Amino acid sequence: MTTIVQTNSPTSADAPPTTQALTVTPVRRAAATRNWALISGLIMFGFVALIGVLGPLFWNTKLARVGSGAIILPPVWLEGGQAAHPLGTDASGRDMLALIIVGIPAALEVGFIAAGIGTALSIILGFTAGFMGGVVDLVIRTLADIAVTIPVLAVLIVLSVYVRVSSVELMAFLLAAFSWPGPTRVVRSQVLTMRERGYVRMARVSGSSTFDIMFREMLPNLLPYLAASLTGAVSGSILAATGLEALGLGPSRIPTLGTNIYNAINASALSRGLWWWWGFPILTLMLIFISLFLISLGLDVIANPRRKGNST
Amino acid sequence: MRGINLQYLIKRFALFFLTIWVSATLIFIVPRLSPNDPFASMLARMEAQAGPVKDGTDLIAGWRARFGLDKPIGEQYVSYMIGLARFDFGYSLTQFPATVNSMISQSLPWTVGLVGLATLFLAVIGSLIGALLAWRGTPGMIRTLLPLSLIFTAIPFLMMAMILMYVFVFNLNWFPIVGGYNSRELTPGFTLPFIISIIYYGTLPAIAIVISSMGFWALGMRGMLITIDGEDYMTLARAKGLRGTRIFWQYGIRNALLPQITALALALGGIIGGNILVEYLFGYPGLGFLLYQAIINSDYTVIQGVVFLLIVLTALTILILDLIYPLIDPRINYRNA
């Protein structure tokens, strides 16, 4: 019985990734334990994403504009709240629920675009460095080492002060510039290891082009790591974007979650007890981060199954 | 030194200086890309406050000459680099005639103290928790700490800080709102009340940083110890009949600590970034807060100086960690790198 075996981790010993000719033992999933981390993470993330995507269908997002309602209304379950603004309003009269519904897609957009570009870049650069070696490798490696050392937020602050960010996409591009170094190094070292493996040599001997080798033999091996690293990159990008927004350097056209926090801090919402102003954006962001974290934990378990049985 | 040869040392230092040079150039280029002229905006600010300024254009031209912005770019670059090498960041644009250096030297000790102490706590407490979780003899109740601290990890500093602030400062009134010390009643000096005040004001920011990052440390430590537990030398140690605590500390922890140090080096950039936000929120008078003020006031020279300093400090710390590593772990040998 031949089966396609999923390689456990890029560093595992000798299992070939895809082969039709060998007989291999099928991978057995540990019977009783489900991947709770992955499942709960996906559910949580789906919940948040759903609010962002379906929200505009059920709630009037124009309420996110200034002056949509009376200012500083508490949520509906507190005294003074109105049903028209279930989560309250801020000091400019914007409805909190609408702000969150608008803010979630903005945050997710930044995260995914930045992480997507960053990961794509790291694949390209990592493979190039690993395959070509020599000067190209040295240059890419040195650039990555330099970029890893620099504290990202500090440089982003300098950039954002001068290049006043106006749109979510622009911010995503800025962030992408900083998320490629880490994965690049890992991809590169994996490529270097895989280059000498039996199946790659076999592929070369049988005349596959470099492209073929890269995409059909090596890339599938890297997928578990890349998935986990993509999740981490999304999380990191949203974090950096929120940090910038909280300092007031965010996109000026859209009210993002971080910008809400900035407004709240500036208006001393903390001391005025207007917890719903910053509380709901923070709650939303927390859900996003925790869910992404759980997803990456879950993906990690898939990538390294031998760790699963280790909870003493 | 054990494990390092001259060639590696040279390469490592070369990387260090290269990093600094690239960062400095970046910081030099970016402001000049923007169409905003800092002096024009200063003038606009003055006009907004007090009405039209007489001879406004002459003023701008004078400032430009004073700050050397009318010379060709090549010359500016060279004098900028020379200034940086001497750590002369020039004058603050908005707090003129204060020099950037004076402003930085006032804020630096606070940040170093906060980040240093917080990271130390973090390392110690996080490792202890992680170690306890991995060791078999720990009661189940402590075990539930892991998922809890992990969840805290996923929450960024800023949010943790805001929640802490809301609960402890405004609702419970346990901790003070703003500042590094009780500036109304105390003057700086090595007196006991002052030191106690510093600790009092610094606790909440430090806790914010520690709680947020603790989970990762605990998880990493636990993972490492679990892996180490299966190693042959551990089995041998037990077979030899060594005391449990000795096995724990000298065999277990000592080996598990090494990847943690690497992780620390890599996380440093993030800690600095988070620190900026924490200081901003708590009004803690460190570098982060200074940076934030400079951003609001468009004080470009201060921004450049602070960011450059942060980059240098981060790069330096990582360099030191890299060099210490072979000393701690005799297995690491850079000679063949």
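Protein sequence lines, in the order shown, are assigned to chains D and X. If you read the first sequence in this note's numbering, its first letter stands for residue 2, the second for the next number, and so on. If you read the second sequence in this note's numbering, its first letter stands for residue 6, the second for the next number, and so on. Ideal Cβ positions, reconstructed from N, Cα and C, are used throughout, including at glycine. Computed from a prediction, not measured in an experiment: that's the story for all the values here.
Is the separation between the beta-carbon of Leu-295(D) and that of Ser-93(D) shorter than 7 Å?
no
Give a yes or no on contact between the stretch 285-303 of chain X and the stretch 116-126 of chain X, applying the rule of three or more CB pairs nearer than 8 Å.
yes
With 8 Å as the limit, tell me which residues of the stretch 122-155 of chain D have their beta carbon closer than that to any beta carbon of chain X; keep them in chain order.
Thr-143, Asp-146, Ile-147, Val-149, Thr-150, Ile-151, Pro-152, Val-153, Leu-154, Ala-155
Can you say whether Asn-267(D) is buried or exposed, counting buried as having 16 or more other CB atoms within 10 angstroms of its CB?
exposed
Just to make sure I have the definition right: I need the residues of chain D whose C-beta is within less than 7 Å of the C-beta of Ile-109(X). Which are they?
Here the premise fails: no neighbours, minimum Cβ distance about 14 Å.
Under 7 Å Cβ to Cβ from Ile-291(D), same chain only, skipping five residues before and after it: list those, please.
Met-45
What residue range is occupied by the uninterrupted alpha helix (DSSP H) comprising Asp-237(X)?
237-245
Please indicate yes or no: does the CB of Trp-26(X) lie closer than 6 Å to some heavy atom of the ligand FMN?
Ligands in the displayed structure: none, and consequently the ligand FMN is not present.
Which same chain residues, not among the five before or five after Asp-334(X), have their C-beta less than 6 Å away from its C-beta?
Leu-263
Tell me which residue opens and which closes the alpha helix (DSSP H) that Pro-252(D) is part of.
Looking at the DSSP string, Pro-252(D) is not in any alpha helix (DSSP H), and its letter there is neither H nor E.
Could you tell me whether any Cβ in chain D is nearer than 7 Å to the Cβ of Leu-315(X)?
yes
Quick check: Pro-182(D) and Ala-234(D), are their CB atoms within less than 7 Å of each other?
no
So with CB distances below 8 Å, who are the chain X contacts of Ile-158(D)?
Ile-281, Leu-296, Ile-300, Ile-308, Val-312
With distance defined between alpha-carbon atoms, name the residue in Val-302(D), Gly-299(D), Ile-303(D), Leu-286(D) nearest to Gly-53(D).
Leu-286(D)
Cα-Cα, which of Leu-321(X), Ile-301(X), Tyr-85(X) is closest to Val-162(D)?
Ile-301(X)
Among Trp-276(D), Tyr-200(D), Gly-251(D), which has the Cα closest to the Cα of Leu-154(D)?
Gly-251(D)
Proximity below 7 Å, CB of Leu-88(D) to CB of Pro-76(D)
yes
Do the stretch 232-245 of chain X and the stretch 103-121 of chain D touch if we need at least three Cβ pairs shorter than 8 Å?
no
7 Å Cβ cutoff met for Leu-293(D) and Leu-157(D):
no
Does the structure place the stretch 122-132 of chain D close enough to the stretch 186-196 of chain D that three or more beta carbon pairs sit under 8 Å?
yes
Between Ser-346(X) and the rest of its own chain, which residues show a CB-CB distance below 6 Å, the 5 nearest in sequence each way excluded?
There is no way to answer for residue 346(X), as the model of chain X reaches only from 6 to 342.
Would you check if the distance between the CB atom of Gly-259(D) and the CB atom of Ala-241(D) is smaller than 7 Å?
no
Nearest residue (CA-CA) to Leu-282(X), options Ile-262(D), Phe-113(D), Val-67(D):
Ile-262(D)
Quick check: is the beta carbon of Pro-331(X) nearer than 7 Å to any beta carbon in chain D?
no
Helix, strand or coil for Tyr-289(X) per DSSP?
coil
Return the chain-ordered list of same chain residues with a C-beta closer than 8 Å to the C-beta of Ala-33(D), the five sequence neighbours on each side being excluded.
Reliability of the predicted coordinates at Ala-33(D) is poor, the pLDDT of 44 falling under 50, and the value obtained from them is presented with this limitation in mind. No residues qualify anywhere along the chain.
Integer Cβ distance of Val-103(D) from Ile-239(D), believed to fall under 8 Å:
With 8 Å as the limit, Val-103(D) and Ile-239(D) do not qualify as a contact, their Cβ atoms being about 15 Å apart.
In whole angstroms, what is the alpha-carbon distance linking Phe-162(X) and Pro-282(D)?
15 Å
Which of the three DSSP states is assigned to Ala-93(X) in this structure?
In the sequence under discussion, the amino acid at residue 93(X) is Asp, which differs from the Ala named in the question. Coil at Asp-93(X), not helix or strand.
Kindly identify the DSSP beta-bridge partner or partners of Asp-96(D).
Thr-90(D)
Mind reading off the beta-carbon distance from Thr-208(X) to Gly-274(X)? Whole number of angstroms is fine, and I expect it under 8 Å.
At roughly 25 Å, the Cβ-Cβ gap does not stay under 8 Å, so Thr-208(X) and Gly-274(X) are not in contact.
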